[in-house]
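Residue numbers (this note's numbering): 12 to 435.
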């Protein structure tokens, strides 16, 4: 099977487009470039860093780019041909993410145990508590301009995750720093990134080890996800301490970071689309569709890497065993063959359940239900508490450091609270 990388590299214009993928301008507004590249996919030559690696300390990978909906969806479901193991991250100083970077049969073993602790009933039972936290934060906003990425979008998932893990409230601010350093969305030096990753690991090694010692000593601990993970057993197997530590780290860096950008994008859409906001205010049953269309139209996760485990042909291109492949879920969500007029925000689309933002197959995001819950709580609190939401005087500042997530570094909104009788 002949590899066609050299042929693709000979197209100067195409190579220039691929080279533009990891640039700040593309990260801030990626969809036009996706549209230009999609007809040529798969395309080779995309150089970037997987999450958890340290730019300028670790090597960038060079990957094939998949942007067509059918190609991305098929590759994401085929975990035998496209492995989630990340050899570069395994050699990095950063911890390997739990589940995200595992293949079967190990993935199913781990997920089977984790599902017992991070179960649907446990997540669903959080809803009143999540709504109470979110509503209280929205109620405190007042009539003013607010930078919502810090005030709401980052703090909500951090507070929820801190409470879920049973950690002290004073680590909320550290969560954001750890997550942005690990997921490459903060502009840090290699030394700063490595120091943050080391601090993150050290913190959870200490917390999980302490909980484990207490349980083995017969002490009674308050219910928390860490305790549940340490106790969970399936088929006579339990998670090792290292696996519990890595799952906690995965929740902090992957869950909190993605949800932060999702909440920011939801708030931006509420402010920038008054007609849609009026529709939601008139019919709350549309909130779910609003979240789904936001995930499709402006969902945070842009791409994830895979490694080909064998030679494979896609779209007439030959991908060799060992080649890196970047699955651009966000580009698939804008494929006009599946979502006509994809740049148009439309909560009445009949196929919103086909959006790929939370992944498909065995790697469908374990925390998607919690992220949706936080999103719904925030949208409904805004509809309850605010008579008007609009963009503030300070222009939005898009995140430009990493193509892993699409969202805002800074987003200032102006709120007008509803009259007390209207908010009751």
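Just so it is clear, CB atoms sit at the ideal spot from N, CA and C, and this is done for glycine as well.
query, result
"Proximal residues to residue 389 (C-beta, below 8 Å), its chain only, five neighbours per side dropped", "145, 149, 163, 167, 274, 277, 278"
"Reference residue 74, options 203, 412, 358, 315, closest by Cα", "315"
"Distance CB(residue 160)-CB(residue 426) smaller than 7 Å", "no"
"Separation of residue 380 from residue 238, as counted between CA atoms", "21 Å"
"When 415, 408, 393, 411 are compared against residue 154, the one with the closest alpha-carbon", "393"
"Contiguous beta strand (DSSP E) assignments of at least 3 residues, all confined to the region 140–216", "156–158"
"Residues bridged to residue 69 [DSSP beta-bridge criterion]", "66"
"Enclosing alpha helix (DSSP H) for residue 347 [first to last residue]", "From DSSP, residue 347 is part of no alpha helix (DSSP H); its letter is neither H nor E."
"Among 174, 129, 165, the one whose alpha carbon lies nearest that of residue 141", "174"
"Which of helix, strand or coil DSSP assigns to residue 76", "strand"
"Simplified DSSP assignment, three categories, for residue 393", "helix"
"Residue 332, buried or exposed, once every other Cβ within 10 Å from all chains shown has been counted against 16", "exposed"
"Proximity test, residue 366 beta-carbon vs the ligand ZN heavy atom, cut-off 6 Å", "Annotation note on the ligand ZN: not contained in the displayed structure, which lists no ligands."
"Continuous beta strand (DSSP E) stretch holding residue 46: start and end", "Taken as a continuous stretch (DSSP letters only), residue 46 belongs to no beta strand (DSSP E), being part of the alpha helix (DSSP H) at 42–48."
"Residues that DSSP places opposite residue 330 in a beta bridge", "323"
"Separation of residue 284 from residue 403, as counted between CA atoms", "14 Å"
"Alpha helix (DSSP H) segment containing residue 35, residue limits", "35–39"
"Every unbroken beta strand (DSSP E) within the region 349–431, with a cutoff of 3 residues, ordered by chain", "397–402, 419–421, 423–428"
"Rounded straight-line distance, which links the Cα of residue 329 to that of residue 81", "17 Å"
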